Each structure stands twice: as C-alpha cells, then as structure tokens.
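Asker: Note that the sequence shown ends on residue 1566 in this note's numbering; no numbers are left out. By construction, the Cβ of each residue, glycine as well, lies at the ideal position given by its N, Cα and C atoms. Everything numeric in this text was worked out from a predicted model, so none of it was measured. Provided herewith is a single structure, encoded as structure tokens, for subsequent inquiry.
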Amino acid sequence: MAADFIRATQHTEYDQQITFPEDAQKSAAASAASSPGRAETSPPWEAADSFTHENENYTMWRLYPGEEAPEPITPHRTATAELPTQTGQVIRQVQATARTSQLIHVAWTDDAGEILGAWCPARSVIF
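In structure tokens form, the structure reads like this:
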C-alpha cells in the first residue's frame, strides 16, 4: 500500500506492515510505480490533493513508493523540500517522516492550518 497524503487524523509514520490477501490484484499504476529506480505519478483525484501556499493554490502530483517498504524517520527530521506540484514550484520547510531509496515522505502545515503530507523525490529534500 502506498500513502501519499497524511491527514491530521492519521499517523505520519508506518506503525506496522500492511499485508494484502494473495488473490488481491495490483493496479497497473501500482505495478509501474514499483519498477526499480523510478517513481510514477498519477493525476490528482480529490480536493485534498490541493493546498495553499502564500495565497496561491497548488495541485499535488501523487508519488508512490511502490512495493519498497518505507523506513520510518524517527524522530522526524526538519528539512526543506520542493513539493511535487503540477502548477508551480513550492519550496517549504517540512518534517521528513519516512523514506525509501528514491522517495522521502514529508509533512507540513498549509496556509489554512491543515496538516498535509506527500512523497517527494529524495533529490528534492535537503536536510
């Protein structure tokens, strides 16, 4: 399972591994995203995929770690990240919460005070 947005009511770290029944089918997007060395994107699908920063509205690209198991970053580390958006460059102070070899999950608070989270390419996060 891939988590891309973490709402205020959800944990920002992986507490336990999630397992699916053997007969569960993997979507084509999940299959492509699990290919080694790359992170596929898909267009946003709900209003929660947008946020405001300095009175501008941005729409997120959804990145997934695929089948690679994320490693929690405990305690969370403060970092600067370029968030993956469709509508412009956004560089924010964030909290890094988990990582894979290619992606880092970050959480931040938008202008409306909502806590959001997203997977970012590892090269776009600076500690």
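With respect to the beta strand (DSSP E) encompassing residue 1527, which residues constitute its N-terminal and C-terminal limits?
Answerer: No beta strand (DSSP E) holds residue 1527; DSSP gives it neither H nor E.
Asker: Would you give the residue range spanned by the beta strand (DSSP E) that residue 1518 belongs to?
Answerer: Its beta strand (DSSP E) spans residues 1510-1522.
Asker: With respect to the beta strand (DSSP E) encompassing residue 1546, which residues constitute its N-terminal and C-terminal limits?
Answerer: Where residue 1546 is concerned, the enclosing beta strand (DSSP E) stretches over 1542-1548.
Asker: I'd like to confirm the pairing. Which residues does DSSP put opposite residue 1558 in its beta bridges?
Answerer: According to DSSP, which records beta bridges pairwise, residue 1558 is partnered with 1544.
Asker: Tell me the rounded alpha-carbon separation between residue 1532 and residue 1563.
Answerer: Rounded to whole angstroms, residue 1532 to residue 1563 spans 12 Å at the Cα level.
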